[in-house]
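Protein chains in written order, with the numbering used here: chain A, 1 to 110; chain B, 1001 to 1110.
Ideal Cβ positions, reconstructed from N, Cα and C, are used throughout, including at glycine.
Structure first, commentary second.
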DNA sequence: AAACAACATCGTAATATTGCGATATATAAA
DNA sequence: TTTATATATCGCAATATTACGATGTTGTTT
């Protein structure tokens, strides 16, 4: 099928999964790293930096915008994309909530 | 296409993306949470808990095994899946390396 | 206004993922 | 040894993702 059965999971599970999913592509990781490093970016910079077509980069930027981790502001002919600090911290907190848990291994696996 | 151009990204970017990707499905989040909560689990528990077929659960377990975040040990007729503490900590560290960065927003976006 | 520049969106082809029934495998129980 | 139980794997259909050329949109420059 290829259709995730979202309705059988909790909102939290769906939300967390969609955050992970949005970060689950090397181009989107590269874009994030570039934005963090450059403090901002425009799409054409990325087209030059990465080896992907402009349309493709734009799609990936939209995926990142959809989870709110970046935001774009029109800057003349270009668009300036930045990290959304608020969302960034929220995502960080959600990941921490999962990964900061105590994960003692049961005796059966040791 | 549908084919990610892995060769144009760094190993680190591909690795990190594949970690995120493996966690980017609500069933796999639910499975992880169940394992953490129960300290262990067998596949049939999950088939009862979640509303997915046994074959589907098995596939998701394999996806989680592939990134090493869980490991399975044969326990009689069943398989006992547990968190792999070592890998768990490594993944946690990789996520922290990304998210602990300072993300000052450029003036153009504020 | 016309030409250009930077993105976004559309349409489409190739590939990947999700989900499940059927079947295979491996261990336990009778 | 037959039967049952637990899980893995195969094969397939439906849907999603990735990538890109073409085109649309918006703002800039001349």
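Item                                                                                                                                                                         : Value
Which term fits residue 37 of chain A, buried or exposed, when burial requires 16 or more other beta carbons within 10 angstroms of its beta carbon?                         : exposed
Does residue 1005 of chain B have its Cβ less than 9 Å from a Cβ in chain A?                                                                                                 : yes
Is the CB of residue 1023 of chain B under 9 Å away from at least one CB in chain A?                                                                                         : yes
Just to make sure I have the definition right: I need the residues of chain A whose C-beta is within less than 7 Å of the C-beta of residue 1029 of chain B. Which are they? : 13, 16 and 17
If we count the other Cβ atoms within 10 Å of its Cβ and call it buried at 16 or more, is residue 86 of chain A buried or exposed?                                           : exposed
Out of A:18, A:31, A:79 and A:7, state which residue places its alpha-carbon closest to the alpha-carbon of residue 1010 of chain B.                                         : A:31
So what does residue 73 of chain A bridge to, in DSSP terms?                                                                                                                 : A:80
Against chain A, does residue 1008 of chain B count as a neighbour if the rule is that its beta carbon must be under 9 Å from one of theirs?                                 : yes
Chain B beta carbons: is any one of them nearer than 9 Å to that of residue 2 of chain A?                                                                                    : no
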